[in-house]
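The numbering used here puts the first residue of the sequence shown at 4, with every later residue one more than the last.
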Amino acid sequence: MSRVRLAVIGLGRMGRIHAANLAQRRRSAELVVVADTYPGRAASVGAEHDVPWTTDIDHVLADDSVQAVVIATPTGTHPGLAVQAAQAGKHVFCEKPIALDRQTTVETISAVDQTGVSFQVGFHRRFDPDWVAVVDRIRAGELGRPYLFRTSLRDRKPPPVEFLQGSGGFFVDVTIHDLDTARWMIGEIVEVTAYGTAVADPAIGEIGDIDTALVVLRFENDALGVIDNSRAAGYGYECSTEVMGEHATARIDRPQHLHYQWLTPGQAAHSVNADFEQRYPVAYAEELTAFAQCIRNGTTPKVTGLDALAAFDLATAADASWRTGQTISLSPGHCQEGVVYQLEVPRL
Ligand SMILES: NC(=O)c1ccc[n+]([C@@H]2O[C@H](COP(=O)([O-])OP(=O)(O)OC[C@H]3O[C@@H](n4cnc5c(N)ncnc54)[C@H](O)[C@@H]3O)[C@@H](O)[C@H]2O)c1
Numbered sequence: 004m005s006r007v008r009l010a011v012i013g014l015g016r017m018g019r020i021h022a023a024n025l026a027q028r029r030r031s032a033e034l035v036v037v038a039d040t041y042p043g044r045a046a047s048v049g050a051e052h053d054v055p056w057t058t059d060i061d062h063v064l065a066d067d068s069v070q071a072v073v074i075a076t077p078t079g080t081h082p083g084l085a086v087q088a089a090q091a092g093k094h095v096f097c098e099k100p101i102a103l104d105r106q107t108t109v110e111t112i113s114a115v116d117q118t119g120v121s122f123q124v125g126f127h128r129r130f131d132p133d134w135v136a137v138v139d140r141i142r143a144g145e146l147g148r149p150y151l152f153r154t155s156l157r158d159r160k161p162p163p164v165e166f167l168q169g170s171g172g173f174f175v176d177v178t179i180h181d182l183d184t185a186r187w188m189i190g191e192i193v194e195v196t197a198y199g200t201a202v203a204d205p206a207i208g209e210i211g212d213i214d215t216a217l218v219v220l221r222f223e224n225d226a227l228g229v230i231d232n233s234r235a236a237g238y239g240y241e242c243s244t245e246v247m248g249e250h251a252t253a254r255i256d257r258p259q260h261l262h263y264q265w266l267t268p269g270q271a272a273h274s275v276n277a278d279f280e281q282r283y284p285v286a287y288a289e290e291l292t293a294f295a296q297c298i299r300n301g302t303t304p305k306v307t308g309l310d311a312l313a314a315f316d317l318a319t320a321a322d323a324s325w326r327t328g329q330t331i332s333l334s335p336g337h338c339q340e341g342v343v344y345q346l347e348v349p350r351l
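As C-alpha cells, then:
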C-alpha cells in the first residue's frame, strides 16, 4: 500500500520534530509539504527535508495530493485549522490540547467527526515502547489491583513567556499529559486536588500562571495518584512513572540520552535528557506511523477526541482546585464511544 501523504502546519519546537520524522518516510507515512506563517521558518524546514514549503494554509488544503495534516501551531489556532482541514477532506493529527476552552474543544471534536476523517491528538506517551510494554502487562493482569500511581514531568527550563500566554495555563499545557497517562494506565478519576506555585521565574507569576505543581488523584477503583510537574527542573528533562500494585511495581524512567557512565574517583556521571525531543524520538515517530495506519485501515486512532476532552476536563479540575483551594469531585460517564466527565463544581 502507498504511504499516506501528510503536511505539517506549524514548524516551531514540535512541528520540526514531526516534519523530521515524516521526512524519513515512515512505514506508512511521508511528508509532502510544510507550512508556517513565518516564511523564514517554512523555507528552512522545507530546504532541510527537500519538500515544498508555503505560508498559505489554503494552498495546503486545496492540494488534492495531501491526505492528512499534522497541526503543531499554537493551541489557540488548533480549532480553526482542524475544522478547516477536516472540511477540506484531510485527516487530522492535532497537537494537544485541542483548544483553550471546553466549549471550543467539544465543538471542534463534533465538527471534525461530522466530516468522517480520522482525528488523533498528540499524547505521544501512549506510543512510547516503555509505557506500552507496562500497560500491556497491567492489562494482562500481571500487576493485579493498582494501589498507587506516581508520575513526574519536568522541563529543564520554561518556554518563552509569549508561548505561555497562549498555552491555556500550566495544567492544560503540561499536566494534561500526566492526566492522560493516569487514565490510560489506571482508569478514570473521581477526585483532583492541586497545588501550584510560581517559584522559578517571576515572569510566569506575573502573567497569572505557575511553574511548579503537585496534583493528587483518587481513581474510581480507589487507587491514589500523585503527579509532580515543573517547568524549570534545571538538571534536564524528566518524565518518569511508577505504578505500585498487588503483585508488582512497574517503574518507567529513562533519564539518559547517551547510555554510558563516566567514572572518576568517588564519582559516577551520566548524561540526562535535555528535552522532550531527546527523551521521545521513538514515541513521536510511532504516533504518526500509527495515525497513518489508522487512515489506511479505517480504524479508530488510539487517542481520540474524547480522550483529549477527558484529559482537558481533568486539567480544568486541577486548575479549579489550585485556584479555589478545594478538592474537585468528578463523575466519569461511561458511554459506548468513551468517557465524558462531569465536573461537580461550576466550571471556572
Ligand atoms: N506533544 C508534546 O510533547 C508537545 C510538546 C511541545 C508542544 N506541544 C504542542 O504543540 C503546539 C505547538 O507548540 P510549540 O512549542 O511547537 O510552539 P512554537 O511557538 O514553538 O511553534 C509554533 C509555530 O507555529 C507557527 N504558526 C503560528 N500560527 C500559525 C498558523 N495559523 N498557521 C501556520 N503556522 C502558524 C509559528 O510561526 C511557529 O513556528 C502547542 O499546541 C503545544 O501544546 C506538544
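We put the beta carbon where it would ideally sit given N, CA and C, even for glycine.
Query raised in the report: Is the CB-CB distance between residue 69 and residue 54 below 8 Å?
Result: One-based indexing of the sequence shown puts residue 69 at position 66. One-based indexing of the sequence shown puts residue 54 at position 51. Contact: no.
Query raised in the report: Can we count residue 184 as close to ligand 1, meaning its CB is less than 7 Å from some heavy atom?
Result: As a first step, residue 184 must be located in the sequence shown, where it is residue number 181. The answer is no for residue 184.
Query raised in the report: How about residue 210 and residue 266: are their beta carbons less than 8 Å apart?
Result: In the sequence shown, the residue the question calls residue 210 occupies position 207. In the sequence shown, the residue the question calls residue 266 occupies position 263. No; because the gap between Cβ atoms is not below 8 Å, this pair is not in contact.
Query raised in the report: Closer than 7 Å: is that where the CB of residue 166 sits relative to any heavy atom of ligand 1?
Result: The residue you call residue 166 lines up with position 163 of the sequence shown. Yes.
**Report entry** Distance cut-off 7 Å: residue 14 Cβ against heavy atoms of ligand 1
**Finding:** Position 11 of the sequence shown, counted from the start, is the residue given in the question as residue 14. Yes, Cβ of residue 14 sits closer than 7 Å to a heavy atom of ligand 1.
Query raised in the report: If we count Cβ pairs, one from each stretch, closer than 8 Å, do we get three or more for the segment 304 to 320 versus the segment 44 to 61?
Result: no
Report task. Using only alpha-carbon positions, find the residue among 187, 317, 259, 250 that is nearest to residue 218. Result -> Looking up residue 218 in the sequence shown gives position 215. Closest by alpha carbon: 317.
Query raised in the report: Could you give the C-beta distance for residue 175 and residue 333, rounded to a whole number, given that I count them as a contact under 8 Å?
Result: Counting from 1 along the sequence shown, the entry for residue 175 is found at position 172. Counting from 1 along the sequence shown, the entry for residue 333 is found at position 330. Not quite, the Cβ-Cβ distance comes to about 16 Å (not below 8 Å), so this is no contact.
Report task. For residue 252, name the three-state secondary structure that DSSP assigns. Result -> For the purposes of this step, residue 252 is taken as residue 249 along the sequence shown, with counting starting at 1. Residue state, collapsed to three classes: strand.
Query - Enclosing alpha helix (DSSP H) for residue 299 [first to last residue] - result: Locating residue 299 in the sequence shown gives position 296, where the first residue counts as 1. Per DSSP, residue 299 belongs to the alpha helix (DSSP H) from 284 to 300.
Report task. Under 8 Å by Cβ, that's how I've got residue 86 and residue 114 pegged, so tell me the actual separation to the nearest angstrom. Result -> On the sequence shown, residue 86 is found 83 positions in, with the first residue counted as 1. On the sequence shown, residue 114 is found 111 positions in, with the first residue counted as 1. Right, the Cβ-Cβ distance comes to about 5 Å (below 8 Å), so this counts as a contact.
Query raised in the report: Mind checking whether the beta-carbon of residue 38 lies closer than 7 Å to any heavy atom of ligand 1?
Result: Working through the sequence shown from its first residue, we reach residue 38 at position 35. Checking the Cβ of residue 38 against ligand 1 gives yes.
Query raised in the report: What are the partner residues of residue 247, as DSSP defines its beta bridges?
Result: Here residue 247 is taken as the residue at index 244 of the sequence shown, counted from 1. Beta-bridge pairing links residue 247 to 151, 252.
Query raised in the report: Taking just the CA atoms, how far does residue 56 sit from residue 149?
Result: The sequence position of residue 149 within the sequence shown is 146, counting from 1. The sequence position of residue 56 within the sequence shown is 53, counting from 1. Straight-line Cα distance between these residues: approximately 48 Å.
Requested in this report: In the DSSP assignment, find the alpha helix (DSSP H) that holds residue 165 and state where it starts and stops.
Outcome: Reading the sequence shown from its first residue, position 162 is the one you call residue 165. Looking at the DSSP string, the run of the alpha helix (DSSP H) that includes residue 165 is 164 to 168.
**Report entry** residue 263 Cβ short of 7 Å to ligand 1 heavy atom set
**Finding:** Start at 1 with the first residue of the sequence shown, and residue 263 comes out as number 260. Not under cutoff, so the answer is no.
Report task. Counting only runs of 4+ residues fully inside the segment 167 to 203, write out the alpha helix (DSSP H) ranges in chain order. Result -> 179 to 188
Requested in this report: Give the C-beta separation of residue 155 and residue 231 to the nearest angstrom, bearing in mind that I take them to be a contact with Cβ-Cβ under 8 Å.
Outcome: What you label residue 155 is simply residue 152 of the sequence shown in a count that begins at 1. What you label residue 231 is simply residue 228 of the sequence shown in a count that begins at 1. Correct: roughly 5 Å between the Cβ atoms.
**Report entry** Selection from 170, 29, 152 that minimises the alpha carbon distance to residue 189
**Finding:** Translated into the one-based positions of the sequence shown, residue 189 becomes position 186. Taking only the C-alpha atoms, the option nearest residue 189 is 152.
Query raised in the report: Would residue 303 be called buried (16 or more neighbouring beta carbons within 10 Å of its own) or exposed?
Result: Looking up residue 303 in the sequence shown gives position 300. Under this definition residue 303 is an exposed residue.
Query - Span separating the alpha-carbon of residue 345 from that of residue 319 - result: On the sequence shown, residue 345 is found 342 positions in, with the first residue counted as 1. On the sequence shown, residue 319 is found 316 positions in, with the first residue counted as 1. Those two C-alpha atoms are separated by around 11 Å.
Query raised in the report: CB residue 241 to CB residue 157, shorter than 8 Å?
Result: Here residue 241 corresponds to residue number 238 of the sequence shown, with the count starting at 1. Here residue 157 corresponds to residue number 154 of the sequence shown, with the count starting at 1. The answer is yes: Cβ separation under 8 Å.
Query raised in the report: Which two residues bound the contiguous alpha helix (DSSP H) that contains residue 315?
Result: As a working mapping, residue 315 is identified with position 312 in the sequence shown. 308 to 327 is the extent of the alpha helix (DSSP H) around residue 315.
Query raised in the report: Given residue 258, which residues of its chain have a CB within under 6 Å of its CB, disregarding the five upstream and five downstream residues?
Result: Here residue 258 refers to the residue found at position 255 when the sequence shown is read from its first residue. Within the same chain, residue 258 has close Cβ partners 275.
Query raised in the report: DSSP state of residue 332, grouped into three classes?
Result: Walking along the sequence shown from the start, residue 332 turns up at place 329. In the structure shown, residue 332 sits in a strand (DSSP, three-state: E or B).
Requested in this report: Take residue 296 and list the residues in its own chain whose beta-carbon comes closer than 7 Å to its own, dropping the five residues that flank it on each side.
Outcome: Here residue 296 corresponds to residue number 293 of the sequence shown, with the count starting at 1. Excluding positions up to five away in sequence, the list reads 31.
**Report entry** Coil, strand or helix - residue 90 by DSSP
**Finding:** As a first step, residue 90 must be located in the sequence shown, where it is residue number 87. Here residue 90 sits in helix by DSSP.
Requested in this report: Please indicate yes or no: does the CB of residue 21 lie closer than 7 Å to some heavy atom of ligand 1?
Outcome: Within the sequence shown, residue 21 is the residue found at index 18, counting from 1. Residue 21 Cβ: outside cutoff for every heavy atom of ligand 1.
Query raised in the report: If you draw a straight line from the alpha carbon of residue 281 to that of residue 107, how long is it in whole angstroms?
Result: To locate residue 281, count along the sequence shown from 1; it is residue 278. To locate residue 107, count along the sequence shown from 1; it is residue 104. Distance between the alpha carbons of residue 281 and residue 107: 32 Å.
**Report entry** Exposure of residue 97, with buried meaning 16 or more beta-carbon neighbours within 10 Å
**Finding:** As a first step, residue 97 must be located in the sequence shown, where it is residue number 94. That one is buried.
Query raised in the report: Taking the C-alpha atoms as reference points, what is the distance between residue 228 and residue 249?
Result: Locating residue 228 in the sequence shown gives position 225, where the first residue counts as 1. Locating residue 249 in the sequence shown gives position 246, where the first residue counts as 1. Computed Cα separation, rounded: 15 Å.
Report task. Express the C-alpha separation of residue 6 and residue 199 in angstroms, rounding to a whole number. Result -> The residue given as residue 199 occupies position 196 in the sequence shown. The residue given as residue 6 occupies position 3 in the sequence shown. Cα to Cα, residue 199 sits roughly 45 Å from residue 6.
Query raised in the report: What separation, rounded to the nearest whole angstrom, lies between the Cα atoms of residue 245 and residue 187?
Result: Within the sequence shown, the letter at position 242 stands for residue 245. Within the sequence shown, the letter at position 184 stands for residue 187. Their Cα atoms are separated by approximately 13 Å.
Query raised in the report: Between the Cα of residue 233 and the Cα atoms of 290, 341, 224, 162, which residue gives the shortest distance?
Result: Here residue 233 is taken as the residue at index 230 of the sequence shown, counted from 1. Of the candidates 290, 341, 224, 162, the one whose C-alpha sits nearest the C-alpha of residue 233 is 162.
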